[in-house]
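**Q**
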Amino acid sequence: MKKYTFTEKKDTRSGFGAGMHELGQQNPNVVALCADLVGSLKLEPFIKENPDRFIQCGISEANMIGVSAGLTIGGKIPFATTFANFATGRVYDQIRQSVAYSNKNVKICASHAGLTLGEDGATHQILEDLGMMKMLPGMTVINPCDYNQTKAATIAIADHEGPVYLRFGRPVIPVFTAADQKFEIGKAWMVNEGTDVSIFATGHMVWEAIQAGEQLEAEGINAEIINIHTIKPLDEEAVLKSVEKTGCVVTAEEHNRIGGLGDSIAQVLVKNKLVPQEYVAVNDSFGESGTPTQLMEKYGLTAKDIVAAAKRAIERK
Amino acid sequence: MEIEQLEKVASQVRRDIVRMVHSCQSGHPGGSLGCTDLLVALYFERMMLNEQDGKPVFDMNGTGEDLFFLSNGHISPVWYSTLARRGYFPVEELATFRKLDSRLQGHPTTHEHLEGIRIASGSLGQGLSVALGAAMSKKLNKDKGIIYVLMGDGEQQEGQVWEAASFAPHHEVDNLIAFIDLNGQQIDGPTVKVMNNRDLGKKYEAFGWEVISIEEGNDMAAILKGLYEAKSRLGHGRPILVLLHTGMGFGVDFMMGSHKWHGVAPNDEQLAAALGQLEETLGDY
Numbered sequence: 000m001k002k003y004t005f006t007e008k009k010d011t012r013s014g015f016g017a018g019m020h021e022l023g024q025q026n027p028n029v030v031a032l033c034a035d036l037v038g039s040l041k042l043e044p045f046i047k048e049n050p051d052r053f054i055q056c057g058i059s060e061a062n063m064i065g066v067s068a069g070l071t072i073g074g075k076i077p078f079a080t081t082f083a084n085f086a087t088g089r090v091y092d093q094i095r096q097s098v099a100y101s102n103k104n105v106k107i108c109a110s111h112a113g114l115t116l117g118e119d120g121a122t123h124q125i126l127e128d129l130g131m132m133k134m135l136p137g138m139t140v141i142n143p144c145d146y147n148q149t150k151a152a153t154i155a156i157a158d159h160e161g162p163v164y165l166r167f168g169r170p171v172i173p174v175f176t177a178a179d180q181k182f183e184i185g186k187a188w189m190v191n192e193g194t195d196v197s198i199f200a201t202g203h204m205v206w207e208a209i210q211a212g213e214q215l216e217a218e219g220i221n222a223e224i225i226n227i228h229t230i231k232p233l234d235e236e237a238v239l240k241s242v243e244k245t246g247c248v249v250t251a252e253e254h255n256r257i258g259g260l261g262d263s264i265a266q267v268l269v270k271n272k273l274v275p276q277e278y279v280a281v282n283d284s285f286g287e288s289g290t291p292t293q294l295m296e297k298y299g300l301t302a303k304d305i306v307a308a309a310k311r312a313i314e315r316k
Numbered sequence: 000m001e002i003e004q005l006e007k008v009a010s011q012v013r014r015d016i017v018r019m020v021h022s023c024q025s026g027h028p029g030g031s032l033g034c035t036d037l038l039v040a041l042y043f044e045r046m047m048l049n050e051q052d053g054k055p056v057f058d059m060n061g062t063g064e065d066l067f068f069l070s071n072g073h074i075s076p077v078w079y080s081t082l083a084r085r086g087y088f089p090v091e092e093l094a095t096f097r098k099l100d101s102r103l104q105g106h107p108t109t110h111e112h113l114e115g116i117r118i119a120s121g122s123l124g125q126g127l128s129v130a131l132g133a134a135m136s137k138k139l140n141k142d143k144g145i146i147y148v149l150m151g152d153g154e155q156q157e158g159q160v161w162e163a164a165s166f167a168p169h170h171e172v173d174n175l176i177a178f179i180d181l182n183g184q185q186i187d188g189p190t191v192k193v194m195n196n197r198d199l200g201k202k203y204e205a206f207g208w209e210v211i212s213i214e215e216g217n218d219m220a221a222i223l224k225g226l227y228e229a230k231s232r233l234g235h236g237r238p239i240l241v242l243l244h245t246g247m248g249f250g251v252d253f254m255m256g257s258h259k260w261h262g263v264a265p266n267d268e269q270l271a272a273a274l275g276q277l278e279e280t281l282g283d284y
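Sequence lines, in order, name chains W and Y.
So the first sequence is numbered by numbering that gives the first Met the number 0: it starts at 0 and just counts up by one.
So the second sequence is numbered by numbering that gives the first Met the number 0: it starts at 0 and just counts up by one.
1. Spatial neighbours of Asp35 (chain W) within its chain, please: CB distance less than 7 Å, with the 5 preceding and 5 following residues excluded, ordered by chain position.
2. Rounded to whole angstroms, what is the Cα-Cα separation between Gly158 (chain Y) and Val37 (chain W)?
3. Compare the beta carbon distance of His321 (chain W) and Leu116 (chain W) with 8 Å and say whether it is the shorter of the two.
4. In chain order, what residues of the same chain lie with their CB nearer than 8 Å to the CB of His159 (chain W), ignoring the 5 residues before and after it?
5. Which partner residues of Ser318 (chain W) appear in the DSSP bridge assignment?
6. Report the residues of the segment 86 to 114 of chain Y with a CB closer than 8 Å to any CB of chain W, ordered along the chain.
7. Would you say Met135 (chain Y) reaches chain W, if we count a Cβ-Cβ gap shorter than 8 Å as a contact?
8. Answer with yes or no whether the minimum CB distance from Lys150 (chain W) to chain Y is below 8 Å.
9. Shortest alpha-carbon distance to Leu294 (chain W) belongs to which of W:Thr245, W:Thr80, W:Gly193, W:Ala121?
10. Out of W:Pro136, W:Ala178, W:Lys133, W:Leu135, which one is the CA nearest neighbour of Ala152 (chain W)?
11. Please confirm if Asn71 (chain Y) has its CB atom under 8 Å from at least one CB of chain W.
12. Classify Thr245 (chain Y) as helix, strand or coil using the three-state DSSP reduction.
13. Tell me which residue opens and which closes the alpha helix (DSSP H) that Trp188 (chain W) is part of.
14. Check whether chain Y comes within 8 Å of Asp35 (chain W), counting only Cβ atoms and requiring the distance to be less than that.
15. Restricting to Cα atoms, I'd like to know which of W:Lys272, W:Cys33, W:Thr245, W:Phe45 is closest to Pro27 (chain W).
16. Between Leu233 (chain W) and the ligand NAD, is there a pair consisting of the residue's CB and a ligand heavy atom that are separated by less than 7 Å?
17. Quick one: what's got a C-beta closer than 8 Å to Gly124 (chain Y)'s C-beta in the same chain, skipping five residues either side?
18. Report the rounded CA-to-CA distance for Ile176 (chain Y) versus Ala280 (chain W), giving the unit in angstroms.
19. Of all the options W:Asn147, W:Thr80, W:Val248, which has the alpha carbon lying nearest to the alpha carbon of Asp10 (chain W)?
20. Identify which residue in Y:Ser120, Y:Glu91, Y:Leu66, Y:Thr62 has its Cα closest to the Cα of Ser75 (chain Y).
21. Just the Cα atoms here: how many angstroms apart are Leu139 (chain Y) and Lys75 (chain W)?
22. Please state the DSSP three-state secondary structure of Met150 (chain Y).
23. Using a Cβ-Cβ distance under 8 Å, would Gly61 (chain Y) count as near chain W?
24. Going along the segment 162 to 179 of chain Y in order, which residues come within less than 8 Å of chain W, judged by CB to CB distance?
25. Please return the same chain residues whose Cβ sits closer than 7 Å to the Cβ of Leu215 (chain W), not counting the five positions on each side in sequence.
26. Between the segment 88 to 100 of chain W and the segment 255 to 262 of chain W, are three or more C-beta pairs nearer than 8 Å?
27. Taking buried to mean at least 16 other C-beta atoms within 10 Å of its own C-beta, is Leu273 (chain W) buried or exposed?
28. Give the DSSP-derived three-state secondary structure of Leu300 (chain W) in the structure shown.
29. Let me check understanding here. Comparing Cα to Cα, which of W:Leu126, W:Thr80, W:Met134, W:Ile227 lies closest to Lys186 (chain W)?
30. Scan the segment 118 to 135 of chain Y for residues whose Cβ lies nearer than 9 Å to a Cβ of chain W and list them as they occur along the chain.
31. Would you mind reading off the limits of the beta strand (DSSP E) that contains Ala177 (chain Y)?
32. Whole angstroms are fine: how far does the CA of Glu60 (chain W) sit from the CA of Gln11 (chain Y)?
33. Does the beta carbon of Asp65 (chain Y) come closer than 8 Å to any beta carbon on chain A?
34. Looking only at C-alpha atoms, which of Y:Ala163, Y:Phe88, Y:Asn182 sits nearest to Phe57 (chain Y)?
35. Give the single residue among W:Gly88, W:Ile154, W:Ile156, W:Leu135 whose Cα lies nearest to the Cα of Ile125 (chain W).
36. Would you please state the rounded distance, in angstroms, between the beta carbons of Gly16 (chain W) and Leu40 (chain W)? I believe it to be under 8 Å.
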């Protein structure tokens, strides 16, 4: 098992803020919009240096999406930011008509996704956003795994023409990917090559998958771990290549098991190569209040759960 | 263009509208007929449009020109006809309205790359927000072009409209003129009965807009005067709202003033009766 170490823990939303700071200096067309959550989205450095390219929208997310769509007419690259719940479910029709169907170059950047938002509870913990966004034709859906990758993804999507949903989170987690990485949209990242089971993980679950890989190794199981940071377009080639080798699959995501990464992978398997698949995901329920660690344990989203799922998958081969 | 010429264009646009809706036996003639005079006045007289050899040249960014957005996308027939008659695309294409493989979808879209359309609309309440974004884009680009956006009065019942109404004065978007088509009708009946908007002028004023009224929204001279006045008030830190009083179905006597023709197509006899009231001035498509 390839060794992954870290010297610090950081939140992925700060990676977004750092990416925006850099974009503000590099790309004069980048405009940031926010619906009264500037601090949570870590936008202060961007706003300080580019006050004329920041648009405060107040608590009016629907209008923010429409204004973003309009800004693209004239060549601006709007980054519309708020919590993932308010960036997707609340404004689904606005995204559908004014952004996706109209093919506007809007970047919807969503923080506090999933259970790890924590104590605020289920009203704010969206677990359906990946599903909603990936169903929109033409939408690119990205869920990076740590601070460095989120920063790199933020910078990369500015150069990608078309609508993007970028999802990140609130808790501090290990920073284990390279600071100087180049983010390639739609290209899965091989975390560890293995032969016994393919673990496809996204977002915060990638670090859990690495820990699971180490535990499995101690038990003599050689897990292949792949970071699917781009849910759509899915790197089908990487999925199939891995499955050819391992013959069974675990998918891990901080999302409802319905409509997320697991279902995207399952579609590839059903069409191309039938192998056993086990889901590590929220089992079609809402979340609740608690610390991120407590919630991930209660809802079955830890390294331990991935280990158990891997064993089940191997047994079903 | 002289008023008489503009009225001739409007008569042809009205013929196009009823013929398009009749041909596919669906679509929205009422609001389209009511807003014909405004769209003709804008596209044939008041808007600054990028042109080459007397024909408009369309590109998505619309740099240096005025832009128009239709928020109440169901009145697409009047927009399609006006764009075609202005030279954005061949008038023959009007015959494809709402038919399979057409660029003239039931509601306007960018998906089929129809010249003149910059955003999809139809799901109501979104156009003002989009127009505000386009207006701010122009400001960031130091582009002097003006943004025009038309909404329905029934559409004012959508919550997003009021998010946008708060946003515009706060950000001093003063390169934008918004219209509300006050025809007093929506699908289920008169607007005052379905969901009374009460005094929209006072509401927008309270939100910080400058509000003017065009009482005769189907009179070309009154529209031109109103547009001139609206434009003269731009650039002073406030967005402009024009309350445009129109008659739904204007120009066809049996369609006028009733919500019944909001989204109903005429049959063969009704088409003949309607065309008998509208002079063919530029040649039918």
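C-beta: ideal position from N, C-alpha, C; glycine also.
Owing to the predicted nature of the structure, the values given are computational and were not obtained by experimental measurement.
**A** In short, the structure shows the following:
1. Translated into positions along the first sequence, residue 35 (chain W) becomes position 36. Closer than 7 Å at Cβ, skipping near neighbours: Gly57, Ile58.
2. Looking up residue 158 (chain Y) in the second sequence gives position 159. Looking up residue 37 (chain W) in the first sequence gives position 38. Distance between the alpha carbons of Gly158 (chain Y) and Val37 (chain W): 24 Å.
3. This structure cannot settle anything about residue 321 (chain W), because the visible part of chain W is limited to 0 through 316.
4. Sequence index remark: in the first sequence, residue 159 (chain W) carries index 160 (1-based). If we look at His159 (chain W) and ignore the five residues flanking it on each side, its Cβ neighbours are Thr139, Ile184.
5. The displayed coordinates of chain W run from 0 to 316. Any statement about residue 318 (chain W) would go beyond what the structure contains.
6. Of all residues in the segment 86 to 114 of chain Y, those with a C-beta nearer than 8 Å to a C-beta of chain W are Thr108, Thr109, His110, reading in chain order.
7. Here residue 135 (chain Y) refers to the residue found at position 136 when the second sequence is read from its first residue. Met135 (chain Y) has a beta carbon lying within less than 8 Å of a beta carbon in chain W.
8. By one-based count along the first sequence, residue 150 (chain W) stands at place 151. With 8 Å as the cut-off, Lys150 (chain W) does not count as an interface residue toward chain Y.
9. The residue you call residue 294 (chain W) lines up with position 295 of the first sequence. Closest by alpha carbon: W:Ala121.
10. Here the question's residue 152 (chain W) lines up with position 153 in the first sequence. Among W:Pro136, W:Ala178, W:Lys133, W:Leu135, the Cα nearest to that of Ala152 (chain W) belongs to W:Ala178.
11. In the second sequence, the residue the question calls residue 71 (chain Y) occupies position 72. Interface annotation, Asn71 (chain Y): not in contact with chain W, CB-CB separation never under 8 Å.
12. The sequence position of residue 245 (chain Y) within the second sequence is 246, counting from 1. Shown here, Thr245 (chain Y) sits in coil according to DSSP, grouped into three states, outside any helix or strand.
13. Stepping through the first sequence from its first residue, residue 188 (chain W) is reached at position 189. Where Trp188 (chain W) is concerned, there is no enclosing alpha helix (DSSP H), although the beta strand (DSSP E) it sits in stretches over 188 to 191.
14. By 1-based counting over the first sequence, the position of residue 35 (chain W) is 36. For Asp35 (chain W), the answer is no, since every Cβ of chain Y falls outside 8 Å of its Cβ.
15. Translated into the one-based positions of the first sequence, residue 27 (chain W) becomes position 28. Comparing Cα-Cα distances from Pro27 (chain W) to each of W:Lys272, W:Cys33, W:Thr245, W:Phe45, the minimum goes to W:Phe45.
16. In the structure on display, the ligand NAD does not appear, and there are no ligands present to speak of.
17. Translated into the one-based positions of the second sequence, residue 124 (chain Y) becomes position 125. Closer than 8 Å at Cβ, skipping near neighbours: Ser70, Glu154, Glu157, Gly158, Gln159, Val160.
18. Position 177 of the second sequence holds residue 176 (chain Y). Position 281 of the first sequence holds residue 280 (chain W). In a straight line, the C-alpha of Ile176 (chain Y) is about 49 Å away from that of Ala280 (chain W).
19. As a working mapping, residue 10 (chain W) is identified with position 11 in the first sequence. Selected option, being the one with the closest Cα: W:Asn147.
20. Along the second sequence, one-based indexing puts residue 75 (chain Y) at 76. Considering only alpha carbons, the answer is Y:Ser120.
21. Working through the second sequence from its first residue, we reach residue 139 (chain Y) at position 140. Working through the first sequence from its first residue, we reach residue 75 (chain W) at position 76. Cα-Cα distance, rounded: 9 Å.
22. Locating residue 150 (chain Y) in the second sequence gives position 151, counting from the first residue. In this structure, Met150 (chain Y) counts as strand in the three-state DSSP scheme.
23. Translated into positions along the second sequence, residue 61 (chain Y) becomes position 62. Yes, because at least one Cβ of chain W sits closer than 8 Å to the Cβ of Gly61 (chain Y).
24. Listed by position, the residues of the segment 162 to 179 of chain Y near chain W (Cβ gap below 8 Å) are Glu162, Ala163, Ser165, Phe166, His169, His170.
25. Locating residue 215 (chain W) in the first sequence gives position 216, where the first residue counts as 1. Closer than 7 Å at Cβ, skipping near neighbours: Ala222, Val306, Ala309.
26. The segment 88 to 100 of chain W, when compared against the segment 255 to 262 of chain W, does not touch it at the 8 Å Cβ threshold.
27. Residue numbering aside, residue 273 (chain W) sits at position 274 when the first sequence is read from its first letter. Of the residues assessed, Leu273 (chain W) falls on the exposed side of the cut-off, its CB having fewer than 16 other CB atoms within 10 angstroms.
28. By 1-based counting over the first sequence, the position of residue 300 (chain W) is 301. Coil, per DSSP.
29. Residue mapping note: residue 186 (chain W) aligns to position 187 of the first sequence, counting from 1. When each option's Cα is compared against that of Lys186 (chain W), the closest is W:Ile227.
30. From the segment 118 to 135 of chain Y, only Ile118, Ala119, Ser120, Gly121, Ser122, Gly124, Gln125, Gly126, Leu127, Ser128, Val129, Ala130, Leu131, Gly132, Ala133, Ala134, Met135 have a Cβ closer than 9 Å to chain W.
31. Counted from its first residue, the second sequence places residue 177 (chain Y) at position 178. Judged by DSSP secondary structure, Ala177 (chain Y) falls within the beta strand (DSSP E) whose first and last residues are 175 to 181.
32. Within the second sequence, the letter at position 12 stands for residue 11 (chain Y). Within the first sequence, the letter at position 61 stands for residue 60 (chain W). Each residue's alpha carbon lies about 41 Å from the other.
33. Absent from the structure is chain A; the protein chains it does hold are W and Y.
34. Walking along the second sequence from the start, residue 57 (chain Y) turns up at place 58. Closest option to Phe57 (chain Y), Cα to Cα, is Y:Phe88.
35. Here residue 125 (chain W) is taken as the residue at index 126 of the first sequence, counted from 1. Comparing Cα positions, the closest option is W:Gly88.
36. Translated into positions along the first sequence, residue 16 (chain W) becomes position 17. Translated into positions along the first sequence, residue 40 (chain W) becomes position 41. Confirmed, Cβ separation roughly 7 Å.
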